[in-house]
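J.: Chains as they are written, first to last, in the numbering used here: chain A, 4 to 339; chain B, 123 to 456; chain C, 3 to 389.
In this text, a Cβ means the ideal position worked out from N, Cα and C, and glycines have one as well.
Predicted model only: the values in this text are computed from it and were never measured.
Please read through the structure below; I'll follow up with questions.
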Amino acid sequence: MAKIGVVLILLIVIVAVFAPFLAPHDPTAQDLDVSQQPPVGFGSTSTEEVPVQENGSVVIEDGNIVTEERTVTENTSWSHALGTDGNGRDVLSRVIYGARTSMIVGIAGTLLAAVFGVVVGLTAGYYGGRVEDTLMRASDIMLAFPSLVLAIALVGVWGTAGIKIPDPLVVSGLSETIRSALGLAVGMPETITVPGTVIIVVALVNWVWFARVARGEALSLRGQEYVKAARAVGANNSYIIRKHVFPNAITPIMVLATIQVAAIILLESALSFLGFSGTNLSWGFDISQGRQFQSTSWWIATMPGLAIVLTVIGLNLVGDWLRDALDPDIGGEGGV
Amino acid sequence: MSLARFLLRRSLQGIFVIWGVVTVVFGLRFIAPGAPENVLLPPDVSEATRQQVAAELGLDQPLYLQYFDYIVGLPVGDMGTSLVTRTPASGRVLSTLPATLELAIAATVVAIVIAIPLGVISATRRHKPADYGATLFSLVGISTPNFWLGIMLVIIFSVQIGWFPSSRRPVGIGIDAILADLVALQLEAAASGLRDWLYYITLPAITLGTYFTALITRLTRNGMLEELGEEYVRAARAKGLPETLVRYKHALRNTLIPIITVLGLQLGTLIGGAVITERVFRWPGLGTLIINSIQARDWPVVQASIIIIGVGFVVLNILVDALYTYINPQVGEN
Amino acid sequence: MADPILDVRNLSTQFFTEEGQVNAVDSVSFTVEEGEVFGIVGESGSGKSVTALSLIDLVESPGDIVDGEIWYRNGELAEAVREDSPDAVDGTAVDLRQLSPSARRSLRGPSFSMIFQDPMSSLNPSLTVGEQIAEAVEVQRRASANPRSTRSRTQGYGLGSLLSGLVFDSREFVRSESRERAVELLDQVGIPDPEERATEYPHQFSGGMLQRAMIAQALAGEPDILIADEPTTALDVTIQAQILDQLAEIQAARGMTIVLITHNLGVIARMCDRVGVMYAGEFVEQGSLEAVFDRPTHPYTQGLLASSPTVDGAEGRLEPIEGNVPSLVDSEMPDRCYFADRCPKAMEECLDKPPELPVEDGHSAKCYLAEQEYDPETALPEGYFDE
Ligand SMILES: Nc1ncnc2c1ncn2[C@@H]1O[C@H](COP(=O)(O)OP(=O)(O)OP(=O)(O)O)[C@@H](O)[C@H]1O
Ligand code: SF4
Ligand SMILES: [Mg+2]
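Here it is in structure tokens:
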């Protein structure tokens, strides 16, 4: 099972990184002529009479052109394999680009939360006493906020600033070379929008899980002989934390981080679904767009959702596997 | 330790946590860039209006006074005035609370009723199709964002099959209405009210409940597997207990004790899930109110909502802990 | 000699693990007489517990009883079974292996019961001790009220009431007579102040008291045969002696049959009438206590006895005999006497194939030396097995 998870994650990461090579269209390009076009295989069908052809010419029998009935699938094309959205944008390309946002927010948010949470947690667990009490009370308070509500409140206050950074694969011209070699349309978006506020907010909402796990580890390591020994020979505390406590706490933190990437991806998609996101290239945003077409064009909301589910399943499988293999005792589930 | 002392200690801790929540919420609007009242106002408002509003809301007073006013108002339910309706913020929050509670309780009930038997079946038929099915379900259930699940359910069951409504729930359908009919002995009205209630709540309840069903299934399965391997289970079988008793009286009891605490911690997720589920189904509850208020910059209502949720979280967790103490004899001792 | 109450023939139990098939019990045959204490002794991993679990049909996946017969003498049961499956009945004895799983299950309690090594983990931590004994009484009461139907054992234990019992006090599911009986049983096993203690939880008991409670629980169904798997190993020495005395007393009073498993030769000497010695999943020697202890035939038994200085004292624990505990994984089992690599008397012929256990009344041993005198000339050179 873990193998499936690893394959899924690798797949998503590759898709996210190489999105400008892989997406069949510019995900932001609108083409109102083909809006709401269904995915391949789901087109509406009709039957029509077509002349039977033999050796390139029609067959005439009794003075009439011989025809046969044929089922014709209308309005789908391999060019838009997963269909198009209400503005005629290619759903597949948007799903591919959406992977970038999810990965950026998932990884950057987790890193930020982990750094903050681990520093606070290790310090509290190592020193104990007041510091620890304060942390534990603070984490109780954090837990009393539903993370999604707190997140939308924060984004509501701060606004949804997105930072545009140039996409190296496009700016370098690499994408153009490769795409024209593959026969794909050129002219992909030149910037990646990083939803900066969202990253900070998801980290603020989730750091407390890291703090709790790190504190627990530090607490159990504090009494260990080698830590006592290091202290006895006069090593200073921050040195001991860095050299002895942190390396031993790394395992459960890694496991937690895997699960947290999944939780943060879910949180990000919920925020974008609710319209609190710094970018329009996001699975959650596309689902909210698709909802407006739920009675006519089911695929617009369905496809990005499937992408979320597969990504999160992959992360959960790997997280479970790590947890079983390394057996740390941690909590910190999260979902939307 | 006696239950009374336990409750007292937990209540004091709870009050501390609530104070923390209030303080954070109060502080939130000051971390916004610009003057605090800007958050409350549309950006393109004139300077005169701005100052007028600031004065009206007491924002021209020193910070500590504002904070003090807010705190002393809380115990009597004064959480400020909604900027949109000019009515008390607490009243707006409380009026939407029943719909959200209905949804949350329905989802929890669905989750518990389905998940615990499913987890037990999965554990007792290990490596059989039922187990694989349940495991797959819980993996997918934990990994599915509920807003998307809600839309999928609407597409399948409302749009395509037509079993359930895709319109929002009309006013007048709800547990309160059913109860009122029952009290008035209007049985037929109550029955039809119940039918309508189910008609509207089924899909939202499934949407909100799926994650918890999946989570509890997984916790129950893993816990049962662990418990069924314990020596006392073998001893219970050796003394002749039928398998039903072994599983449901002995193993399940010990499985559920730790699950209860996990569920306490998951209440936040439940409320977050309710917010977004309400959005999908346009459910007239607290979640819809919060999102509308944030978009309308009706900050007092947002504050009141978060504080009331925080209070609910704290109170429920105290109850969960009390229940845990009650059914786990080993904690009650020391 | 009267017919034995238990006649086990060629019983084999295997585990199917990732390392391969484990022959935990390998074609074991022995008999247990009614009213006796039959001891099973052997070093760790020799298959004692699995033998016991096979008797009471509690071998769990990945294990399974793959072969053999377990003839249990019980006139009533024989009558009840004769109609449906005549093959499973021989006189007043019934072959348990041919009964349905539910029929075997219904024998747990009234026919077989078992106590385990670790009393701390053998009682449910979240139910009172009294409740756990009373429910065992209650189940038997319900079963005997309606003996033909095994379903009746769940009467009144509908799922709904069980689930509500998780939250509410579950007392009401057990009748007050069963509760009183539980207190009586606690009294019988020597627990002071039994009424009070019945309302306490396992973690409030000391180890010795818990083991007594376990015995009371096992006695709840008035079993014919009590299997005791190292009942005193987890306890300290003085308590061990008290518990053993208690067991002996109860056995004498009820005429119960006991199968007693232990590492401890002192316990065997003190309690048992007959004894079987297990090695690598097999019974290598069995016979009356005197025969086995005074005239041990199998070199393994001789080694055991030699290595335990005080057979009578409670300290007569098994000292390990030199050499490794053999692997029971099927593919790693050699086609020779399993003990040969540790046997000081091993000979050429021991390497050809495993010796058979001569089936004869009384004393027998699974060794070529059972039929011939030991001649030091024939012994393999020292260090023969050190590659
Ligand atoms: N659940 C199991 N899965 C796999 N193998 C098992 C299992 N239970 C027992 N075995 C194997 O069966 C063999 C016999 O085990 P058993 O528990 O009967 O030994 P024992 O004589 O009771 O030892 P001890 O004195 O340590 O209790 C062991 O080698 C063990 O590897
Ligand atoms: S058969 Fe041979 S090797 Fe085995 S115990 Fe007897 S003498 Fe030793
Ligand atoms: Mg054993």
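1) Excluding the 5 residues flanking D34(A) on each side, which residues of the same chain have their C-beta closer than 6 Å to its C-beta?
2) Which class does R319(C) belong to by DSSP, given the choice of helix, strand or coil?
3) Assign F119(A) to one of three DSSP states: helix, strand, or coil.
4) Can you tell me the Cβ-Cβ gap for G394(B) and L151(A), rounded? I've got them flagged as a contact below 8 Å.
5) DSSP three-state label for I260(C), please.
6) Taking 7 Å as the cut-off, is the CB of F17(C) close to at least one heavy atom of ligand 1?
7) Taking 7 Å as the limit, tell me which residues put their C-beta closer than that to any heavy atom of ligand 3, in chain order.
8) Three-state secondary structure (DSSP) at S63(C)?
9) With a threshold of 8 Å between beta carbons, is R247(B) in contact with chain C?
10) Per DSSP, what kind of secondary structure is K167(A) in: helix, strand or coil?
11) For H249(B), verify whether its CB is less than 7 Å away from any heavy atom of ligand 2.
12) Verify the CB distance criterion: does F276(A) have a CB-CB separation below 8 Å to chain B?
13) Can you list the residues of chain A that I416(B) reaches, using a CB-CB cut of under 7 Å?
14) Are any of the Cβ atoms in chain A nearer than 8 Å to that of M201(B)?
15) So, does the CB of S244(B) fall closer than 8 Å to a CB anywhere in chain A?
16) In chain order, what are the residue ranges of uninterrupted beta strand (DSSP E) at least 3 long that sit wholly in the segment 59 to 105 of chain C?
17) Which residues in chain B have a C-beta closer than 8 Å to the C-beta of Q142(C)? List them in chain order.
18) Check whether the segment 355 to 367 of chain B touches the segment 189 to 197 of chain B, counting contact only when three or more Cβ pairs, one atom from each stretch, lie closer than 8 Å.
19) Which same chain residues end up closer than 6 Å to G128(A) when comparing Cβ atoms and leaving out the 5 residues on each side of it in sequence?
20) Which residues, taken in chain order from the segment 341 to 354 of chain B, show a beta carbon closer than 7 Å to some beta carbon of chain C?
21) Less than 8 Å between the CB atoms is what I'm expecting for V242(B) and M346(B), so what's the real figure, rounded?
22) Whose beta carbon lies closer than 7 Å to any heavy atom of ligand 2, going through the chain in order?
23) In the DSSP assignment, the alpha helix (DSSP H) including E137(C) goes from what residue to what residue?
24) Output yes if chain B places a C-beta closer than 8 Å to the C-beta of Q213(C); else output no.
25) Sorry if obvious, but does the Cβ on H265(C) come closer than 7 Å to a heavy atom of ligand 1?
26) Which of helix, strand or coil does DSSP assign to S29(C)?
27) Alpha carbons only, please: which of P30(A), A328(A), G162(A), V61(A) is nearest the one belonging to I99(A)?
28) Is there at least one non-hydrogen atom of ligand 1 closer than 7 Å to the beta-carbon of A221(A)?
29) For K347(C), count neighbouring C-beta atoms within 10 Å of its own C-beta (all shown protein chains included) and say buried if the count is 16 or more, exposed if not.
30) Are the beta-carbon atoms of L318(A) and I110(A) separated by less than 8 Å?
31) In angstroms, rounded to a whole number, what distance separates the CA positions of I7(C) and Q227(A)?
32) When you compare the CB of R110(C) with every CB in chain B, is at least one pair closer than 8 Å?
33) Nearest CA to the CA of V269(C): which residue from Q242(C), G283(C), E182(C)?
34) Tell me the rounded alpha-carbon separation between A310(A) and W270(B).
35) Hey, which unbroken runs of the beta strand (DSSP E) at 3 residues or more fall wholly within the segment 59 to 121 of chain A?
36) With a threshold of 16 other CB atoms inside 10 Å of the CB of Q219(C), please say whether the residue is buried or exposed.
T.: By the coordinates alone:
1) G91
2) Unreliable placement is indicated for R319(C), whose pLDDT of 49 sits below 50; the coordinate value is still reported in the next sentence. DSSP places R319(C) in the strand class (E or B) of the three-state scheme.
3) helix
4) That pair is a contact at about 3 Å.
5) I260(C) sits in a strand when the DSSP states are folded into three classes.
6) yes
7) K50(C), S51(C), Q119(C), D231(C), E232(C), I263(C)
8) coil
9) With 8 Å as the cut-off, R247(B) does not count as an interface residue toward chain C.
10) Looking at K167(A) - three-state DSSP - the assignment turns out to be strand.
11) no
12) yes
13) I155, A156, G159
14) By the rule that beta-carbons nearer than 8 Å mark a contact, M201(B) does not touch chain A.
15) No, no contact with chain A.
16) 65 to 75, 95 to 97
17) G362
18) no
19) Excluding positions up to five away in sequence, the list reads R218, A221, L222.
20) E352, E353, Y354
21) 6 Å
22) H300(C), P301(C), Y302(C), C339(C), F341(C), A342(C), C345(C), K347(C), A348(C), M349(C), C352(C), P357(C), C369(C), Y370(C), L371(C)
23) Counting along the chain, E137(C) sits inside the alpha helix (DSSP H) bounded by residues 131 to 147.
24) Interface criterion not met: the Cβ of Q213(C) is under 8 Å from no Cβ in chain B.
25) yes
26) strand
27) Per the C-alpha coordinates, the member of P30(A), A328(A), G162(A), V61(A) positioned closest to I99(A) is P30(A).
28) Between ligand 1 and A221(A), a heavy atom-to-CB distance of less than 7 Å is absent.
29) Residue environment analysis places K347(C) among the buried positions, since at least 16 neighbouring C-beta atoms fall within 10 angstroms of its C-beta.
30) no
31) 57 Å
32) Yes, R110(C) counts as interfacial toward chain B.
33) Q242(C)
34) 11 Å
35) 70 to 76
36) buried
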